[in-house]
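Protein chains in written order, with our numbering: chain A, 21 to 210; chain B, 21 to 210; chain C, 21 to 210; chain D, 21 to 210. Note that beta-carbon positions come from the ideal geometry of N, C-alpha and C, so glycine has one too. Owing to the predicted nature of the structure, the values given are computational and were not obtained by experimental measurement. The next block holds one structure in the form of structure tokens; read it before the comments.
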DNA sequence: GATGAATGAGATTTCATTCAT
DNA sequence: TATGAATGAAATCTCATTCAT
């Protein structure tokens with residue numbers, strides 16, 4: 021197992037276990053076992069349990085940031101680009117349920133550090149710029165940028181959560197389109 | 021101190037501490053101290069830590085359910101009633117930040133039991149019925165009910181979270197109206 | 021077992037084990053077992069291992085301070101009182117070898133806190149005053165007080181250490197008198 | 021870096037760290053880092069941590085033994101030679117505080133092996149012979165040799181400790197002479 | 001010889017829960 | 001009913017030592 025593999029295995033194990041048992045329920049010994057390394061080895065790569073979790077957050081946010089702008093093009097219309105962002109992030113979330121659940125837990129825990137918020141800011145900066153463009157072009161409502169961002173993101177998150185919850189209500193393609201349209205109708209200028 | 025006071029004090033203490041330190045960071049001894057009772061006393065009222073938390077969740081959801089329908093009237097228009105629900109829950113959340121943060125943590129933790137989801141269902145049942153009415157009257161879009169419910173609730177939650185986050189971005193009355201309008205425009209039929 | 025007994029049992033166990041295995045070699049689990057309490061119980065009485073050790077130091081120094089002045093009388097001659105102090109502390113040390121060895125380890129470890137030095141000061145203050153009297157009366161040499169104190173105490177410590185070391189060289193009564201005389205001849209004015 | 025340099029660097033690092041953090045507080049990884057070698061390298065030169073410490077003790081005692089007899093001459097008077105020894109060792113200690121503190125910790129720890137005592141014996145043998153001479157010549161009191169040795173050594177140690185303690189009481193040249201005189205007056209025949 | 005990643009036993013400490021008072 | 005001292009399993013983290021490179 022190469023060096024980077026062990027670090028990665030620890031992060032992956034931590035994420036899986038947190039989604040299964042929560043922060044508290046995830047003991048370092050469990051992480052070690054799942055990652056296939058010795059307990060002490062984790063501490064060669066990370067200072068503490070907290071650091072494992074924070075680094076995990078950073079890496080997941082980076083991936084989310086990349087997924088967000090995939091196939092995005094500055095040439096598209098605001099509406100097209102909006103739908104692109106909406107579906108991009110939705111798909112990333114439902115295709116990476118562990119990451120999604122981890123993020124939700126992390127974001128809503130009191131551990132969330134200032135650092136975390138900054139990380140978050142970085143990943144979603146492209147969208148922030150996009151929303152600003154949309155407003156300037158008179159296509160989107162002149163809402164406070166951070167608020168619009170929060171409302172839109174909250175919208176997708178709710179949809180993903182619905183799809184991933186074990187209540188046998190998978191979101192269909194049609195429903196995804198309805199949801200995206202709903203979100204769009206809420207921010208566009210009539 | 022009357023019997024009910026102790027039970028209530030424990031629940032209140034648990035909630036405050038969970039919002040401060042998370043599920044994990046909240047020790048029963050801390051709860052006992054904050055509630056002004058002995059550690060053992062908690063176990064006269066509750067079976068376990070988990071039961072304290074679950075009962076807390078149930079009680080909080082009841083209060084949320086009551087707040088939701090305050091000043092609601094079957095006679096109002098769908099739009100008015102929608103705005104009423106939206107602002108009712110928004111205000112309850114921002115006026116009870118401990119409850120709100122507790123709910124967010126609880127909802128996103130893997131502890132969430134089936135029982136919890138049922139509780140949730142009960143509290144929001146009136147809104148579900150209302151949405152159905154709106155659809156039947158041709159005012160709201162014929163979206164899957166649970167999805168519409170999730171999208172709308174996720175919308176308010178995002179707004180409340182924005183207001184309560186310590187980033188100095190308090191949501192103004194004007195912004196609340198814009199947000200509610202945005203949500204409404206996303207579900208109404210054009 | 022009464023409350024105070026458990027606290028005392030922990031301190032006693034810690035002292036015995038430290039003289040046997042050193043600070044490092046003494047695990048809290050060993051202390052618990054020897055004291056006849058559960059590991060967690062120690063933490064009801066003390067904040068940490070360090071606090072156990074520091075409190076132990078404080079208590080031992082108090083006992084040493086009491087032993088030092090036993091049967092001391094302001095009416096005796098300087099010489100008699102000097103011999104009294106010398107033999108008092110010598111006997112306390114050899115009759116309480118665990119305390120003595122613990123003190124030696126503690127004093128020479130880098131853990132020794134400022135607090136420890138103050139504690140030390142308190143216990144030996146009577147002797148400091150006595151030495152000053154002796155100087156003022158022209159019986160003792162006008163040496164810097166703290167230095168004289170250190171030299172005399174170092175003298176007794178060496179003797180006690182010699183007696184307690186497992187080299188089969190027990191110090192006889194005669195040798196004790198010779199040693200005390202030697203110390204006295206070194207500080208008195210000829 | 022030559023072979024001997026690494027061995028020496030390890031010993032030096034171990035000594036410095038022990039005086040700073042104690043036996044317990046000194047991890048092999050810290051020693052490796054301070055010595056500028058890899059952790060595993062230490063185990064090419066030494067069997068174990070204990071062996072590093074024991075060898076360190078041996079080497080330090082050798083140096084102390086050499087310093088002790090510097091500029092000593094069999095031709096001098098007993099008194100002059102006594103003062104020579106006293107000041108020699110005092111100066112060595114205060115000029116090599118790390119070695120001194122290490123020795124004090126080592127000597128008072130339960131790790132002190134039989135081997136260590138023998139090492140000690142070797143280093144101070146010249147003084148033992150000298151004291152015997154002094155007694156035979158009728159200049160020194162006919163005290164048990166090991167006791168006299170212990171008392172005198174304890175005397176110097178106390179003085180050095182006083183000087184090195186961080187209580188702002190540096191021992192002056194005059195005080196050193198007073199102390200040596202005090203020690204001498206305690207062992208010479210009146 | 002030299003490295004330093006890896007190990008895993010064991011250290012300190014926490015904490016949900018019990019039970020004698 | 002109420003207490004809070006006591007428990008001991010389990011958590012996080014450390015560290016002497018090994019070994020493949």
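- The alpha-carbon separation between residue 156/B and residue 49/B amounts to approximately 53 Å.
- Counting only Cβ-Cβ distances below 8 Å, residue 105/A has no contacts in chain B at all, with the closest Cβ about 16 Å away.
- Under the Cβ distance rule, residue 101/B does not count among the residues neighbouring chain A, no pair being separated by less than 8 Å.
- Cα atoms of residue 206/D and residue 168/C: separation of roughly 14 Å, rounded to the nearest angstrom.
- For residue 159/A, no alpha helix (DSSP H) run applies, since DSSP gives it neither H nor E.
- Under the DSSP assignment, residue 90/B falls outside any alpha helix (DSSP H); it carries neither an H nor an E label.
- In the DSSP assignment, residue 59/A falls within the alpha helix (DSSP H) that extends over 59 to 65.
- Considered as a whole, the stretch 89 to 161 of chain C harbours 98 to 115, 117 to 127, 134 to 156 as its complete alpha helix (DSSP H) runs of no fewer than 4 residues, in chain order.
- Per DSSP, the continuous alpha helix (DSSP H) segment holding residue 174/C begins and ends at 165 to 184.
- Within its own chain, the residues whose Cβ lies closer than 7 Å to the Cβ of residue 37/B, once the five positions on either side in sequence are excluded, are 46, 50, 51, 54, listed in chain order.
- Within the DSSP bridge table, the entry for residue 208/C names 160/C as partners.
- For a Cβ distance threshold of 7 Å, nothing in chain B lies close to residue 83/A: the least Cβ distance comes to about 20 Å.
- Contacts between residue 130/C and chain D, judged by CB atoms closer than 9 Å, involve 38, 39, 40, 41, 42, 45, 121, 125 in chain order.
- Chain-ordered listing is empty here: chain B has no CB closer than 8 Å to the CB of residue 152/A, the nearest sitting near 16 Å.
- For the pair of segments examined, the stretch 81 to 98 of chain C was found to touch the stretch 139 to 156 of chain C: the number of CB pairs separated by less than 8 Å reaches three.
- Taking a C-beta distance under 8 Å as the contact criterion, residue 105/B and residue 87/B do not qualify as a contact pair.
- Here residue 85/D is buried: its Cβ has 16 or more other Cβ atoms, across all protein chains shown, within 10 Å.
- Chain-ordered, the chain A residues with CB closer than 7 Å to the CB of residue 175/B read 171, 174, 175.
- Between the stretch 172 to 188 of chain D and the stretch 115 to 130 of chain D there are three or more inter-stretch CB-CB distances shorter than 8 Å, so the stretches are counted as touching.
- For the pair residue 191/B and residue 185/B, the Cα-to-Cα distance works out to about 10 Å.
- For residue 29/B, the closest alpha carbon among the candidates 43/B, 75/B, 91/B is that of 75/B.
- Taking 8 Å as the threshold, the shortest C-beta distance from residue 166/B to chain A falls below it.
- Counting the other CB atoms within 10 Å of its CB gives residue 209/A a total below 16, which places it among the exposed residues.
- For residue 44/D against residue 44/C, the beta-carbon gap comes to about 3 Å, under 8 Å, which counts as contact.
- If you check the CB distance, residue 163/B and residue 98/B do not come in under 8 Å.
- Listed in chain order, the non-local C-beta contacts of residue 102/A below 7 Å within the same chain comprise 204, local neighbours out to five positions each way being set aside.
- Identification of chain B residues near residue 206/A by a Cβ-Cβ cut-off of 7 Å yields 202, 203, 205, 206, ordered along the chain.
- Taking a beta-carbon distance threshold of 8 Å, residue 159/D does not count as an interface residue toward chain C.
- In the structure shown, residue 85/D adopts helical secondary structure according to DSSP, grouped into three states.
- Each of 91/B, 95/B, 72/B was checked against the Cα of residue 126/B, and the nearest Cα belongs to 72/B.
- Taking residue 63/C as the centre and dropping the five residues before and after it, the same chain places no C-beta closer than 6 Å to its C-beta.
- A straight-line Cα-Cα distance of about 38 Å links residue 136/D and residue 58/A.
- Rounded to the nearest angstrom, the gap between the Cα atoms of residue 195/C and residue 202/C is 10 Å.
- The beta carbon of residue 148/C sits closer than 7 Å to those of 165, 169, all from its chain and outside the five residues before and after it, given in chain order.
- Contact annotation: residue 124/A and residue 128/B have beta-carbon atoms nearer than 8 Å.
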